[in-house]
Structure formats: structure tokens, C-alpha cells
Ligand code: NDP
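Printed below as a string of C-alpha cells:
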């Protein structure tokens, strides 16, 4: 490989987290000839990557002087897809040209090259397109496990999942994975500026990403809508057994209210930064369970479960049941030939600070 260039940080800043990043050029401390050398193909900018830079995420990489910085630093980013460009003979499972993703979080993916010395720390994802491969390790695994690991679905029932932030990358994947289980999804998205904008978004989620029905947050919170229109949308003998909450606040109470008796709400994100509030009656009279989900911790406890999940997702992709998130992704192109270090830094900082709501993937 050429020179290693990584986006690193030594400090955190909750108000302007992009400012803690710098682009560092260095020679890796590992012996290149004896290591697996990877070339980065594409990495996403996920909310948790941003939370790490802000210093508000409970899982952080160790900072070190390995990148020839003055202060101990870590490489940003937790997922992304690499191409294997060098593999010593002692590693039997990998070959040059394979596409791989890291098994664990905190390995630092916002980089042009990376070095590994343990092939069990990499999962092969050959056959995927760039955007699916770049987002399968965190969002894909999360979506798959949220749908499959908590509720025992019976195929012949009118089962539903209700989920807020219904246009997030995770939610789009949830809808498709649910569909495979014959489970329908009610996706709630924040109101848009115009009805046309809302309809366009709803059509994309329903036609491309497998959502059964998309409604707005105002409908989610509207008592009349929930009494009159919602039952018609859901159909006869509907069972909303699972609510997936990545927003919190009022939105989480409103999705919890839609659950059937003994239903489960899993909270896996807190985009509104508001606490999860649950009406007392739901806990007492409907026996709702409210629990959390954290992919990082689950993977740490059981890395094989992640490997198995990725393999299941690869099979779904091959069978055409899991489409690429590409259509709704904004690509940020890192031009290796032309970009100065400052251009790369600005590209990624711009992605972090963007407010257009689109998932960013740096290619
Ligand atoms: P994306 O970047 O694809 O989407 C973000 C979503 O959040 C969009 O639907 C957006 O809606 C919504 N959103 C943004 N700001 C707010 C706000 N203030 N109030 C309500 N909704 C808001 O996200 P990902 O799919 O990568 O991640 C989705 C969530 O899942 C995040 O909270 C993330 O941290 C969490 N997550 C958790 C994991 C876990 O293990 N617990 C693993 C993976 C992800 P809009 O278009 O209206 O802006």
C-alpha cells in the first residue's frame, strides 16, 4: 500500500465533534509483510460514530501513539468494507481481492488502509454491493437481530412491527427482514414540509424498502387516527407484538400504546435525546415489557452470533430479499488521486455536519 491516511481524534467535543478530527499520515507499527493489509472501499457515517467523537458513547476505542500523533489518538469509525490487498500464507481463509468487514467495533474504519493480524476479526462479504457491504455490520446486524432474536413469529398470523424513525437505515432493513418472516411493518416518519415530500418518502419506503405502511408522527400521536384509521390499516386480528424505538420522547409512548397485551418495546436509539416515557397503564394493565438492545455489547459477548447473522443476511441478499440501501444514500467520494489531506477532512466533516437527513457513505 501507499501512505496510510486515517481520520483520527485525541479529544472529544459535544458541540462541534467534527472539529476533533484530523487526517493523519503515518507508517503502521505492524510489519506489513506479515499482516493482512486491507484497502478501504466504503464506510458510513453512523450516529454512533458521531456520538463517539462527541464523547457521549459508552464504548470507545483505546487511544494510542501508534499513528505517530503527538497525543494518544484513535481512528474514527466502526464499520466499513475493505478489500484484502495482501495476505500472508499463514492465513488460510482469506485471499487477495476478498471483501471483508470487521467483526468487532472500535477497530477504526475511517482510513484508506488498515492492518489486521487475526483473520477471525474479519468477516467475508463477497458478492454484496458496496453500500450493503458498508452498512451490513452494524445496521444490518442490528435490524436482523431486532426482528429475529426477541419474538417467536408465527407465519400464519397477521403480525406487525411498529417502528419510529421509519426511514432510518436500520428501519429500512427491519422492514425487509420482517417481510421475510411474513411480518408487516408500520413505519413512522417525522412530518415533512409538504404532503408531496411525505408521499414521496412513504412511496420509497413502501415500494423499495418493504415497509407495509408509512404514517407520520402526527398520525402516530393522534388519538382519533389510532382509533379509526389505524385498525383499518392493520386489518383483522392484527397483532402488534414488537415496537422498535430509536427516537424516545412522545414518539416512544405512542408506539408503545399500539402494542398488544404482553407486547415488547425494544429501545435501540435515542435520536430525539428525550427520555423514553411509558404510560403507567401500559405496564400494569397491558403488561408491556420495555427493554434495550445494543449490538456492540451483544457482539462482544457472542461474536459468533454476529458472524452467523452476517451469513444469514448474505443469503437474504443473494435471494433478492434484501435490497441495497444505495437509493437513499448520499455518496461522499474521496478521490485518492486528486484530494489533498484537507479535502478529505473537509469531505468527512461536511458529512458529519450535514442536516439533510441522508445516510452518508464515504467511498
Ligand atoms: P440514519 O442516519 O440512517 O437515520 C437517522 C434517523 O433518525 C432518521 O430516520 C431521522 O429522521 C431520525 N432522526 C434524526 N434526528 C431526529 C430527531 N431529533 N428526532 C427524531 N428522529 C430523528 O440512522 P441509522 O439507521 O444508522 O441509526 C438509527 C438509530 O439506530 C440511531 O439512533 C442509532 O444510534 C441507532 N443504532 C443503535 C444500535 C444499537 O445497537 N443500539 C445499532 C445501530 C444503530 P429524519 O429523516 O426525519 O431526520
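Numbering (UniProt numbering), first residue to last: 37 to 399.
From the three backbone atoms N, C-alpha and C, an ideal C-beta is built for every residue, glycine too.
Keep in mind it's a predicted model, so treat the numbers as computed, not measured.
Residue closest to residue i, alpha-carbon to alpha-carbon, out of the options
i           : options               : result
residue 142 : 163, 130, 162 and 173 : 173
residue 44  : 171, 68, 107 and 280  : 107
residue 166 : 324, 280 and 368      : 368
residue 249 : 268, 191, 125 and 190 : 268
residue 366 : 358, 335 and 398      : 398
residue 314 : 332, 333 and 294      : 294
residue 103 : 307, 81, 63 and 223   : 63
residue 259 : 207, 289, 281 and 183 : 289
residue 184 : 360, 224 and 218      : 218
residue 123 : 200, 71, 394 and 180  : 71
residue 287 : 270, 311 and 358      : 311
residue 78  : 56, 164 and 47        : 164
residue 331 : 121, 234, 146 and 114 : 114
residue 147 : 245, 116 and 359      : 116
residue 50  : 93, 392 and 105       : 93
residue 42  : 61, 55 and 53         : 61
residue 54  : 322, 105, 88 and 216  : 88
residue 283 : 235, 199 and 229      : 199
residue 192 : 396, 361, 47 and 216  : 216
residue 59  : 46, 231 and 243       : 46
residue 338 : 56, 157, 38 and 97    : 157
residue 196 : 362, 263, 235 and 271 : 271
residue 391 : 81, 37 and 67         : 81
residue 384 : 48, 57 and 229        : 57
residue 309 : 162, 175, 83 and 351  : 83
residue 73  : 374, 105, 118 and 48  : 118
residue 276 : 190, 372 and 371      : 190
residue 162 : 306, 351 and 179      : 351
Which residues DSSP lists as bridging residue i, in chain order
i           : result
residue 195 : 275
residue 150 : 74
residue 135 : 119
residue 281 : 303
residue 366 : 396
residue 62  : 40
residue 326 : 301
residue 160 : 136
residue 109 : 100
residue 250 : 223
residue 45  : 110
residue 312 : 285
residue 321 : In DSSP, residue 321 forms no bridge with anything.
residue 79  : 398
Whole-angstrom C-beta distance between residue j and residue i, which should lie under 8 angstroms
i           : j           : result
residue 256 : residue 291 : 7 angstroms
residue 170 : residue 144 : The Cβ separation is near 15 angstroms, so there is no contact.
residue 149 : residue 40  : 5 angstroms
residue 316 : residue 300 : Contact flag wrong, Cβ pair sits at about 18 angstroms.
residue 135 : residue 160 : 7 angstroms
residue 247 : residue 221 : 5 angstroms
residue 342 : residue 177 : 6 angstroms
residue 194 : residue 274 : 5 angstroms
residue 253 : residue 227 : 6 angstroms
residue 240 : residue 85  : So it is not a contact: roughly 25 angstroms between Cβ atoms.
residue 121 : residue 132 : 6 angstroms
residue 210 : residue 280 : 6 angstroms
residue 125 : residue 155 : Not a contact, Cβ separation roughly 12 angstroms.
residue 353 : residue 168 : 6 angstroms
residue 263 : residue 297 : In fact, because the Cβ distance is near 18 angstroms, the residues do not count as touching under 8 angstroms.
residue 236 : residue 361 : Residue 236 to residue 361, Cβ: 17 angstroms. No contact.
residue 329 : residue 182 : 6 angstroms
residue 319 : residue 187 : Their Cβ separation, rounded to whole angstroms, is 19 angstroms, which puts residue 319 and residue 187 out of contact at 8 angstroms.
residue 202 : residue 223 : 3 angstroms
residue 359 : residue 244 : 6 angstroms
residue 387 : residue 396 : 4 angstroms
Span of the alpha helix (DSSP H), counted from its first residue to its last, around residue i
i           : result
residue 170 : 166-171
residue 84  : 83-90
residue 183 : 177-184
residue 245 : No alpha helix (DSSP H) contains residue 245, which DSSP labels as neither H nor E.
residue 213 : 205-216
residue 57  : Neither: residue 57 is in no alpha helix (DSSP H) and is coded neither H nor E.
residue 345 : 339-354
residue 381 : 377-389
residue 260 : 259-270
Limits of the unbroken beta strand (DSSP E) element including residue i
i           : result
residue 286 : Looking at the DSSP string, residue 286 is not in any beta strand (DSSP E); the run it does join, the alpha helix (DSSP H), is 285-293.
residue 222 : 220-225
Residue-chain proximity (residue i, chain B), Cβ-Cβ < 7 angstroms
i           : result
residue 393 : Within the model displayed, chain B is absent; a lone protein chain is all it includes.
**Q.** Validate contact between the segment 336-354 and the segment 375-392 using beta carbons, cut 8 angstroms, 3 pairs
**A.** No: the two stretches stay apart, fewer than three of their Cβ pairs being nearer than 8 angstroms.
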